[in-house]
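There are 2 protein chains.
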Amino acid sequence: MIITANDPKRTSWLEVMPNCDFPIQNIPFGVFITKEDVITIGTRIGDFAIDMNALQQLGYFDGIELTDSVFLQDTLNDFISCGKKTWREVRNRIAEIFDNNTPTLRDNEKHRDAVIFAIEDIEMQLPVLIGDYTDFYSSREHATNVGTMFRDPNNALLPNWLHIPVGYHGRSSTIIPSGINIKRPVGQTLPKGETVPVFGPSKRVDFELETAFITTDGNLMGENIPIDHAEDFIFGMVLLNDWSARDIQTWEYVPLGPFLAKNFATSISPWIVTLDALEPFRTASPKQDPTPFPYLQQTGDHAFDINLEVYIQPEESEAKLVCKSNFKYLYWTMSQQLAHHTINGCRVNSGDLMGSGTISGSEPSSFGSMLELTWAGKNPIQMPDNTTRTFINDNDTVTMKGFCKNENVRLGFGEVTSKLLAATVKY
Amino acid sequence: MIITANDPKRTSWLEVMPNCDFPIQNIPFGVFITKEDVITIGTRIGDFAIDMNALQQLGYFDGIELTDSVFLQDTLNDFISCGKKTWREVRNRIAEIFDNNTPTLRDNEKHRDAVIFAIEDIEMQLPVLIGDYTDFYSSREHATNVGTMFRDPNNALLPNWLHIPVGYHGRSSTIIPSGINIKRPVGQTLPKGETVPVFGPSKRVDFELETAFITTDGNLMGENIPIDHAEDFIFGMVLLNDWSARDIQTWEYVPLGPFLAKNFATSISPWIVTLDALEPFRTASPKQDPTPFPYLQQTGDHAFDINLEVYIQPEESEAKLVCKSNFKYLYWTMSQQLAHHTINGCRVNSGDLMGSGTISGSEPSSFGSMLELTWAGKNPIQMPDNTTRTFINDNDTVTMKGFCKNENVRLGFGEVTSKLLAATVKY
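Protein sequences appear in the order of chains A and B.
Quick note on the UniProt record's numbering: the first sequence kicks off at 1 and runs consecutively.
Quick note on the UniProt record's numbering: the second sequence kicks off at 1 and runs consecutively.
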């Protein structure tokens, strides 16, 4: 089936401003609440949210095999379970409905009123019920930077890193959509040179610039997803801020990995951009040496050229761009991550979220965390209000953006933004 | 409100064999399917499963504030969300209904037929939808044994261990109830003395003897659960086998912790035994030195005297008891684990599962894993069929049992059992 929704010549009768992340070639999926407190699954073109349940009830999806209530849900999980053929049919149909040359909905005011909402009149929700959240560690530059700072510059990468897409389990219960603010975590830390820990608010709250992919039901327990089929099980991608408390992490993480240093909050962008939409931006990932085991080998290109940016905005000041990176820098691909995750028979469900790990490039300006950008606090960043930052301060807002651009089209993820509030705790 | 269900003098008109784990003083909660494919929430007395939805529909829970369909569910999550007062009222009422001196149900054949099933006629399901699964590492003896084997016998415990109940996130999608068999995982391992990994079935599949507790909705994101209230948020406990592939673990776990070595399978016993039922077995936990931070300090006894056993049964042979341990050996209590887990504002939901970590005692016969029992394979265990074991072989069945006993009553968890099948993989 051809992805007609990607036609770069197509324009929509809905207005799309230049440099908007949501032209008719994007058609992402999300969940929103209207002013009337109706929750529904939808998509977005320009600055308009589109109620897909209303579209279905009005017959606009007729001919596509869908259950009656698949879009009258508060999560996308059931729609994602329908599989790739259905996702593609629905996305192609939406492109057709909103094409400049299709008058049906355009010229029906009553239908338009039921279907289309101004983006400022709706509130985005978490798009999926996330059963399990896994976070990988797939940027060679990030792993090298961390290894150089904390271990040995001459042996920065650990022995397993070039053989396996290292990953670990995260916490689903504290994954939040863009726009929800978080609190500085408290916990135990070990001051430098001390042997006894202290207790209090973290002094080193950091962001980690990541993307994440969302899976459909992949495999039964005890079965694996072969790498050549892995992309069929990926519904789409979001931006992810893997909030981290570096000082808590350093004290707690041996030997079982990060725990309270990470599970206080993880922010994601609310619109899931499909792999189909990203197809025109497919590109090569870094050459892998040594050659990985056969279960991790693949031919063709499996990265995407996605520009990534991080901004820090102090309270009552303008924002500063602190990082420019790109998804294509990642050493391990999403297909490799998914093939590895399931090689032991680990079951993957609809709505599972898999983070990329911090995406750093080779240039210092592309490092995806304050830990790397300030080299563990040694090189503070100058802010527009003449303050400096080594890590994130109370009332700073961290915003990540992601977009793809070629000669024909620009499309993207919008943003994931969240403000860090001061710590509060009772005990 | 008094826990009348614990009255040790009470007997039931349902037959309970001596040494049965399910006297009328237990009244655990679970989910089962009948021969007619009806799924329901239930409890157990002796060798009888009791349909709690049928009890409710017939009016036996009248006067207790419950929604109509709270037991007509395929998970206990909604009932758990009702909170401790409701759990206690329902458990007390069940004790009353099945008391030898209460004729109402006993003498109503039609009602009995709708409510009571022989245990061999039903099939137990996973009792809860587990949003997040956390596994702790709270046995000092286990952590010391592992540290002695793999690091330094003179500094076996890592510096953080006596200050924080170390824990990490596990995978919810592969948690299975007792009776489901599993497959030997395949993956990468690094043979001793080599620098290049190999790929194939794990050669060191192990069990870990654990218990786990199940929470109710505890706190909003950004809030913590103070230790003095922690037990109010614990619905009950199960036995847990934290299946582990030691050779995969050794290669993959640095620096982010265990991943594929653990997430191929985790088995739990299907009946949740409430903290109320365990109350008569409350006992002291080991003295803690150094004194923990105030957020981890508590008065009174917070352990329970639960005898634990592990059996290995080779195919076509009798089972061998390989480990006898006790829940009370754990250094960190469940209250401390939950207070620590939430001190950073990490949200806890109804149905979350929190494993204790391997429960080893000080005697070699009480070590809770093959890794410790055979001291990393150095001391094989002799089996009844004259074979030996260093780790678990294909077609071995591993069974864990847990029970409490005093002069008045014995009650327990039944068992968690699972057979390890040979590896299969496609790629």
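Beta carbons are placed, not taken as given, at the ideal position from N, Cα and C, and that holds for glycine.
Being a predicted model, the structure only gives us computed values, none of them experimental.
Could you name the residues of chain A that residue 346 of chain B contacts, counting a contact when the two beta carbons are closer than 8 Å?
Taking the second sequence and counting its residues from 1, the one referred to as residue 346 of chain B is at position 346. Neighbours of residue 346 of chain B on chain A, chain order: 171, 173, 174, 260, 263 and 264.
For chain B, check one thing: does any of its Cβ atoms lie closer than 8 Å to the Cβ of residue 493 of chain A?
This structure cannot settle anything about residue 493 of chain A, because the visible part of chain A is limited to 1 through 427.
Nearest-angstrom Cα distance between residue 230 of chain A and residue 168 of chain A?
Along the first sequence, read from residue 1 onward, the residue named residue 230 of chain A stands at position 230. Along the first sequence, read from residue 1 onward, the residue named residue 168 of chain A stands at position 168. Going from the Cα of residue 230 of chain A to the Cα of residue 168 of chain A covers about 19 Å.
Tell me whether residue 149 of chain B sits in a helix, a strand or coil according to DSSP, three-state version.
On the second sequence, residue 149 of chain B is found 149 positions in, with the first residue counted as 1. Residue 149 of chain B: helix per DSSP, three-state reduction.
What are the residues that DSSP puts in a beta bridge with residue 238 of chain B?
Reading the second sequence from its first residue, position 238 is the one you call residue 238 of chain B. Bridge partners of residue 238 of chain B: B:212.
Does DSSP put residue 39 of chain A in a helix, in a strand, or in coil?
The residue given as residue 39 of chain A occupies position 39 in the first sequence. Here residue 39 of chain A sits in strand by DSSP.
Determine, for residue 252 of chain B, whether the minimum Cβ-Cβ distance to residues of chain A falls below 8 Å.
On the second sequence, position 252 is the one that residue 252 of chain B refers to. By this cut-off, residue 252 of chain B is an interface position.
Just to confirm, is the Cβ distance from residue 348 of chain B to residue 341 of chain B under 8 Å?
On the second sequence, position 348 is the one that residue 348 of chain B refers to. On the second sequence, position 341 is the one that residue 341 of chain B refers to. Yes, the Cβ-Cβ distance between residue 348 of chain B and residue 341 of chain B is below 8 Å.
Less than 8 Å between CB atoms is the rule here; does residue 163 of chain B satisfy it with respect to chain A?
Taking the second sequence and counting its residues from 1, the one referred to as residue 163 of chain B is at position 163. With 8 Å as the cut-off, residue 163 of chain B counts as an interface residue toward chain A.
Applying a beta-carbon distance threshold of less than 8 Å, which residues of chain B neighbour residue 132 of chain A?
Along the first sequence, read from residue 1 onward, the residue named residue 132 of chain A stands at position 132. 171, 172 and 173, listed in chain order.
Can you list the residues of chain B that residue 158 of chain A reaches, using a CB-CB cut of under 7 Å?
As a position in the first sequence, residue 158 of chain A is number 158, starting the count at 1. Residues of chain B passing the Cβ test: 254 and 255.
Considering only DSSP beta bridges, list what residue 318 of chain B is partnered with.
The residue you call residue 318 of chain B lines up with position 318 of the second sequence. Per DSSP, none; premise fails for residue 318 of chain B.
Within its chain, find whatever has a CB closer than 6 Å to the CB of residue 413 of chain B; leave out the 5 residues flanking it on each side and keep chain order.
Numbered from 1 along the second sequence, position 413 holds the residue referred to as residue 413 of chain B. Excluding sequence neighbours, residue 413 of chain B sits near 239, 269, 273 and 402.
Is the CB-CB distance between residue 383 of chain A and residue 320 of chain A below 8 Å?
Residue 383 of chain A sits at position 383 when you count from the first residue of the first sequence. Residue 320 of chain A sits at position 320 when you count from the first residue of the first sequence. For residue 383 of chain A and residue 320 of chain A, yes; Cβs fall inside 8 Å.
Leaving out the 5 sequence neighbours to the left and right, which residues in its chain are closer than 6 Å to residue 48 of chain B when beta-carbon positions are compared?
Taking the first residue of the second sequence as position 1, residue 48 of chain B is located at position 48. Excluding sequence neighbours, residue 48 of chain B sits near 14 and 116.
Could you tell me which chain B residues have their CB closer than 9 Å to the CB of residue 378 of chain A, listed as they occur along the chain?
Here residue 378 of chain A refers to the residue found at position 378 when the first sequence is read from its first residue. Correct list: empty, because the minimum Cβ distance to chain B is about 21 Å.
What is the residue span of the beta strand (DSSP E) that residue 125 of chain B lies within?
By 1-based counting over the second sequence, the position of residue 125 of chain B is 125. Premise fails: residue 125 of chain B is in no beta strand (DSSP E) and is neither H nor E.
Starting from residue 419 of chain B, trace the beta strand (DSSP E) in both directions and tell me its first and last residue.
Here residue 419 of chain B corresponds to residue number 419 of the second sequence, with the count starting at 1. Residue 419 of chain B -> beta strand (DSSP E) spans 410-421.
Scan the stretch 217-237 of chain B for residues whose Cβ lies nearer than 8 Å to a Cβ of chain A and list them as they occur along the chain.
The residues in question are 221, 222, 223, 224, 226 and 227.
State yes or no: is the beta carbon of residue 168 of chain B nearer than 8 Å to at least one beta carbon in chain A?
If you number the second sequence from 1, residue 168 of chain B lands on position 168. Cβ-Cβ to chain A under 8 Å: yes for residue 168 of chain B.
Using beta carbons (cut-off 8 Å, strictly below), is residue 331 of chain B in contact with chain A?
What you label residue 331 of chain B is simply residue 331 of the second sequence in a count that begins at 1. Judged by the 8 Å Cβ criterion, residue 331 of chain B is not in contact with chain A.
Which residues, in order along the stretch 342-375 of chain A, keep a beta-carbon less than 8 Å from a beta-carbon of chain B?
From the stretch 342-375 of chain A, only 343, 344, 345, 346, 347, 348, 349 and 352 have a Cβ closer than 8 Å to chain B.
Buried or exposed: where does residue 104 of chain B fall if 16 or more other Cβ atoms within 10 Å of its Cβ makes it buried?
Taking the second sequence and counting its residues from 1, one reaches residue 104 of chain B at position 104. Residue 104 of chain B comes out exposed.
Do the stretch 185-205 of chain B and the stretch 354-363 of chain B touch if we need at least three Cβ pairs shorter than 8 Å?
Contact fails: fewer than three Cβ-Cβ distances are below 8 Å.
Note down, in chain order, every chain A residue with its Cβ under 9 Å from the Cβ of residue 197 of chain B.
Position 197 of the second sequence, counting from 1, holds the residue named residue 197 of chain B. Within chain A, the residues near residue 197 of chain B are 159, 160, 163, 164 and 293.
Using DSSP with H/G/I as helix, E/B as strand and the rest coil, what is residue 384 of chain A?
Position 384 of the first sequence, counted from the start, is the residue given in the question as residue 384 of chain A. Reduced to three states, the DSSP call for residue 384 of chain A is coil.
Under the three-state reduction of DSSP, which class applies to residue 340 of chain B: helix, strand or coil?
Counting from one through the second sequence, the residue named residue 340 of chain B turns up at place 340. Correct three-state label for residue 340 of chain B: helix.
Based on Cα-Cα distance, which residue from A:32, A:20, A:149 and A:89 lies nearest to residue 4 of chain A?
Within the first sequence, numbered from 1, the residue matching residue 4 of chain A stands at position 4. With distances taken between Cα atoms, residue 4 of chain A lies closest to A:89.
What's the call for residue 2 of chain A, buried or exposed, on a 16-neighbour Cβ count within 10 Å?
For this step, residue 2 of chain A is matched to residue 2 along the first sequence. Flag for residue 2 of chain A reads exposed.
With 7 Å as the limit, tell me which residues of the stretch 396-420 of chain A have their beta carbon closer than that to any beta carbon of chain B; keep them in chain order.
Result list empty, no residue passes.
Specify whether the stretch 183-196 of chain A and the stretch 368-381 of chain A touch according to this definition: at least 3 beta carbon pairs, one from each stretch, less than 8 Å apart.
Flag = no, the stretch 183-196 of chain A and the stretch 368-381 of chain A do not touch.
Is the beta carbon of residue 220 of chain B closer than 8 Å to that of residue 310 of chain B?
Here residue 310 of chain B refers to the residue found at position 310 of the second sequence. Here residue 220 of chain B refers to the residue found at position 220 of the second sequence. Cβ atoms of residue 310 of chain B and residue 220 of chain B: not closer than 8 Å.
Using only the alpha-carbon positions, how far apart do residue 155 of chain A and residue 195 of chain B sit?
Locating residue 155 of chain A in the first sequence gives position 155, counting from the first residue. Locating residue 195 of chain B in the second sequence gives position 195, counting from the first residue. Going from the Cα of residue 155 of chain A to the Cα of residue 195 of chain B covers about 14 Å.
Give the DSSP bridge partners of residue 186 of chain B, in chain order.
Locating residue 186 of chain B in the second sequence gives position 186, where the first residue counts as 1. Answer is B:201.
Entirely within the stretch 244-315 of chain A and at least 3 residues each: give me those beta strand (DSSP E) ranges in chain order.
Complete beta strand (DSSP E) runs here, min 3: 266-268 and 307-313.
Who are residue 168 of chain B's beta bridge partners in DSSP?
Counting from 1 along the second sequence, the entry for residue 168 of chain B is found at position 168. For residue 168 of chain B, which the question treats as bridged, DSSP gives the partners B:135.
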